[in-house]
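For the protein sequence lines, the chains are Y and L, in the order given. Take the first sequence: its position 275, counting from 1, is numbered 275 in our numbering, and each next residue is one higher. If you want our numbering, it's the position in the second sequence, counting the first as 1, plus 297. The next block holds one structure in the form of structure tokens; read it before the comments.
2 protein chains.
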Amino acid sequence: MAKIILCEINISDGRNPDVLGKVESALRGSAGARVIDIDSEPNHNRSVYTFIGDPASVLQAAKNITDKAIEMIDMTTHRGSHPRMGAVDVVPFVPIRDVSQEEALEIARAYGKYLGAKGVPVYYYEDAATRPERKLLVDIRKGQYEALPEKMKDELWRPDEGPFSFNARSGATVAGVRFPLIAYNVNLRTDDMKVGAEIAKRIRFSSGGLRFVRAIALPIEERGLVQISMNLTNYEKTPIPVVYATVSAIAETFGVAIADAELVGPVPLQALQDVVRYCLRVRSFDVGQIVESHLLD
Amino acid sequence: MAKIILCEINISDGRNPDVLGKVESALRGSAGARVIDIDSEPNHNRSVYTFIGDPASVLQAAKNITDKAIEMIDMTTHRGSHPRMGAVDVVPFVPIRDVSQEEALEIARAYGKYLGAKGVPVYYYEDAATRPERKLLVDIRKGQYEALPEKMKDELWRPDEGPFSFNARSGATVAGVRFPLIAYNVNLRTDDMKVGAEIAKRIRFSSGGLRFVRAIALPIEERGLVQISMNLTNYEKTPIPVVYATVSAIAETFGVAIADAELVGPVPLQALQDVVRYCLRVRSFDVGQIVESHLLD
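Okay, here's the thing in structure tokens:
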């Protein structure tokens, strides 16, 4: 089957129709890239472009968006409620189908070199990180755009690509590779946030739960429920039905039932393979059995 | 999203490499049709070609296969263990995505008229049937090829398309429209066929079970298990997870657990929507959320 990679490029403008129109045109004019979602937040003053396709087409589309964003966005005047440090802020590449980790890293590095050559400092993160302290976006972006002039004096912050100097207009960019993230929220038949917090604590990795689960409890006030809001960071190693079964079992020890659940945003087809394997007991199920998978060749 | 229809054309040759090679070439040379499966059974002396695509391309591919099969297969000398009555024996069209019942019927009728004009009697079956007694393939095919000369004297067997006379070389063809069939087999932790037969009886429609389930019990001798072998004839109205839950609950009343299960053959993506909805409790899940569905536009 065809190789498919996803890119989710975050740029620092969510307000200016001229910028947003031209960036969107740059994406839509990129052959071989299919747009999944475009989300502009005026309050964040930030837009996220999500698209998929074969690796070469996705790389080219990312470059096309980047060219337009770098040309039009001036970080010296940027205001917005979302943390950011560059005109092109974060660029994760996500392998969806038949793309190896190494191939995805090559795409991310080709992108980083391209942007670096345009004079923008680039830091690699997540699976593309070159040092442990660059693994997490929050660590790299700490202090945001405003901290860059100071950081650029510190050898610790020498970029992975591009100049070791502050680029006032474009800031700096974080690029890399990560596994597809699945946003799975389970709503509990309780309004007791103490119970919710306890369940979230038991399910998340950081406090002893499942290896690839991040979880917090949130009140859903209009429904009188508590939501266990989760990010599943590796659906192969910690499958969605295992997370469901574990939340259900933990909640049960508090006498709390599950009302319903949500999957937020795009889900790779591959993540459903284990749903069928676990829930219908079809141990041998393969997504290649799905009729439509033959149209993805 | 693009309209997708599936065709599963059954021809009466599973042995002659010259015929099989030319029929396969006719299919592979049909633009816009994707081959899902080709299965030739020498013992049955029968081959099944399964392919999908947009309705016009699938219709054309069906015509191309038909031309070659009608040209090369002579029913006067056909022998094989599988029931059959024509060189092109059965041609179901199956709507997979965004194809209405009416559109699928139009395709089936266009196919029937094409074949009829070539001098082959055609009977419409399943959702395309013109009378109740032509609904089921087994009813139409009763007596097989050998019964056709007699049938062609009886007004009851006037074909829906083509001549009302026996075509010795090509026999007759059954064509129509049906909902995608899902073959779902659940293996029980028992070797007691009496218990298995009782469970199959409770689950199948004909003896009081679920509306769109056909079921029989079969021994899986090498594993010492009983299999409830099921055909689900409408996965929208009787979803797979409901069948699983019902089999599980009935088996439990006999103190029997489910070992595992199988989904045999191609499964439409749409059928997995309810798996996610029921099993992960994501009531709002839509297959449009699957990343790859954007590649099917």
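Cβ coordinates follow ideal geometry from the N, Cα and C atoms, glycine included. For clarity, every value in this text was computed on a predicted model and none was experimentally measured.
Chain-ordered, the chain L residues with CB closer than 8 Å to the CB of TYR244 (chain Y) read CYS576, LEU577 and ARG578. Under a 10 Å Cβ-count criterion, SER30 (chain Y) is classified as buried, with 16 or more other Cβ atoms of the shown protein chains found around its own Cβ.
Taking 8 Å as the cut-off between beta carbons, the residues of the region 90-106 of chain Y near chain L are ILE96 and ARG97, in sequence order.
With 16 or more other Cβ atoms from the protein chains shown falling within 10 Å of its own Cβ, PRO239 (chain Y) counts as buried. Nearest CB-CB separation between ALA330 (chain L) and chain Y: not below the 7 Å threshold.
In the same chain as ALA366 (chain L), and ignoring 5 residues on each side of it, the C-beta atoms closer than 7 Å to its own belong to ILE308, VAL320, ALA384 and VAL385, in chain order. Ranked by Cα distance from SER248 (chain Y), the options Y:ALA197, Y:SER206, Y:MET85 and Y:LEU188 are led by Y:LEU188. The shortest C-alpha to C-alpha distance from MET85 (chain Y) to any of Y:ALA108, Y:ALA175, Y:TYR49 and Y:SER229 is the one to Y:ALA175. Note that the C-beta distance between VAL474 (chain L) and ASP436 (chain L) is not below 7 Å. Here ARG141 (chain Y) is not bridged, per DSSP, to any residue. Close CB contacts of GLY116 (chain Y) within its chain, under the 6 Å cut and outside five residues either way in sequence, are with VAL122, GLU161 and GLY162 (chain order). By DSSP's assignment, GLU423 (chain L) forms a beta bridge with L:VAL474.
Shown here, ASP310 (chain L) sits in coil according to DSSP, grouped into three states, outside any helix or strand.
In the assembly as shown, SER526 (chain L) is a buried residue. Its beta-carbon has 16 or more other beta-carbons within 10 Å. According to DSSP, residue pairing for PRO241 (chain Y) in a beta bridge does not occur.
ASP310 (chain L) counts as buried, since no fewer than 16 other beta carbons sit within 10 angstroms of its beta carbon. The CB of ALA558 (chain L) comes closer than 7 Å to the CB of LEU280, ARG281 and VAL282 in chain Y, given here in chain order.
Counting only the Cα atoms, SER322 (chain L) lies some 12 Å from ILE335 (chain L). In chain order, SER30, ALA31, GLY32 and ALA33 place their CB closer than 8 Å to the CB of SER57 (chain Y), counting only its own chain and leaving out the 5 sequence neighbours on each side. Neighbours of PHE285 (chain Y) in chain L, taken as residues whose beta carbon is under 8 Å from its own, are LEU560 in chain order.
For GLU222 (chain Y), no CB of chain L lies under 7 Å from its own CB, so it is not counted at the interface with that chain. In this structure, the straight-line span from the alpha carbon of SER590 (chain L) to that of ASP18 (chain Y) is close to 30 Å. Only residues of its own chain outside the window of five on either side were considered, and among them HIS341 and ARG343 have a CB closer than 6 Å to the CB of HIS379 (chain L), listed in chain order. By the CB criterion at 7 Å, PRO352 (chain L) and ILE302 (chain L) fall inside the cutoff. Between VAL267 (chain Y) and chain L, the shortest Cβ-Cβ separation is below 7 Å. For VAL385 (chain L), no chain Y residue has a Cβ inside 7 Å of its Cβ, as the nearest lies near 22 Å away.
Comparing alpha-carbon positions, the option among L:VAL540, L:ARG520, L:ASN528 and L:GLY409 lying closest to ALA512 (chain L) turns out to be L:ASN528. Among the residues facing chain L, GLN289 (chain Y) is included, as its CB has a counterpart in that chain under 7 Å away. Each of Y:GLY209, Y:ILE182, Y:ALA200 and Y:ASN16 was checked against the Cα of LEU218 (chain Y), and the nearest Cα belongs to Y:ALA200. From the beta-carbon of VAL572 (chain L), the residues of chain Y found nearer than 8 Å are LEU272, VAL275, VAL276, CYS279 and LEU280. Taking 7 Å as the cut-off, the Cβ atoms of LEU272 (chain Y) and LEU592 (chain L) do not count as close.
Under the 7 Å criterion on CB atoms, ILE258 (chain Y) is classed as interfacial with respect to chain L.
For the pair GLY506 (chain L) and VAL276 (chain Y), the Cα-to-Cα distance works out to about 23 Å. Of all residues in the region 521-540 of chain L, only ILE537 and PRO538 come within less than 8 Å of chain Y when Cβ atoms are compared, listed by chain position. In this structure, DSSP gives ASP286 (chain Y) a state outside helix and strand, which the three-state scheme calls coil.
Rounded to the nearest whole angstrom, the CA to CA distance from CYS576 (chain L) to GLN227 (chain Y) is 18 Å.
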